[in-house]
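Residue numbers (this note's numbering): -15 to 119. Ideal Cβ placement from N, Cα and C applies to all residues, glycine included. Below is one structure, written out as structure tokens, with a few remarks after it.
Structure, rendered in structure tokens:
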């Protein structure tokens, strides 16, 4: 039984060191969610037509971290433009006001510790808790 845990631990370490695997682990759930939304018709209006893309504001506190920047690039990419109209903002208070006024659908806040919690630095232990992203 101990050997199984050692093998799993080794695979986890390899996965978290490989950038492409880590990005795939983060992007795959988003892609699957969007895909199932299309299959089930969750993105259609009552009349069966596709609705407007969801207008989302993104506030990235992790400006120095490559994972925070990567998540912003993913959300603002042209591949998601049909379903997600993402806009980056620098003033979180004004962004919250826009959400409260129903000018936009959501505000995504990427915390400053996003990259550090996903990829621990040398000498630090991995955080076992999920990395929080406020929506």
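Is the Cβ-Cβ distance between residue 89 and residue 40 less than 8 Å?
Cβ atoms of residue 89 and residue 40: closer than 8 Å.
Quickly, what does DSSP pair residue 58 with across the bridge? List them, please.
None; residue 58 has no bridge partner.
How many angstroms separate the CA atom of residue 70 from the CA atom of residue -3?
For residue 70 and residue -3, the distance between alpha carbons rounds to 32 Å.
My understanding is that residue -1 touches residue 9, with C-beta atoms under 8 Å, so please give their C-beta distance in whole angstroms.
With a Cβ gap of about 7 Å, residue -1 and residue 9 count as contacting.
Residue 20: buried (16+ other C-beta within 10 angstroms of its C-beta) or exposed?
Answer is exposed; the Cβ neighbour count stays below 16.
Compute the beta-carbon to beta-carbon distance between residue 42 and residue 73, rounded to the nearest angstrom, for a pair I have assumed lies under 8 Å.
Sure, about 7 Å apart at Cβ, within 8 Å.
Compute the Euclidean distance between the alpha carbons of residue 100 and residue 65, then round it to the nearest angstrom.
Residue 100 and residue 65: Cα-Cα distance of roughly 28 Å.
Please report how far the alpha carbon of residue 78 lies from the alpha carbon of residue 1, in whole angstroms.
Computed Cα separation, rounded: 37 Å.
So residue 67 and residue 23 are in contact, right, with Cβ under 8 Å, and what is the actual spacing, rounded?
Contact doesn't hold; Cβ gap of about 13 Å is too wide.
Report all residues from its chain with a CB closer than 7 Å to the CB of residue 54; omit the five preceding and five following residues, and keep chain order.
These residues qualify, in order along the chain: 7.
Taking only the alpha-carbon atoms, compute the straight-line gap between residue -11 and residue 98 and give it to the nearest angstrom.
Cα-Cα distance, rounded: 27 Å.
Compare the beta carbon distance of residue 45 and residue 95 with 8 Å and say whether it is the shorter of the two.
Yes; because the gap between Cβ atoms is below 8 Å, this pair is in contact.
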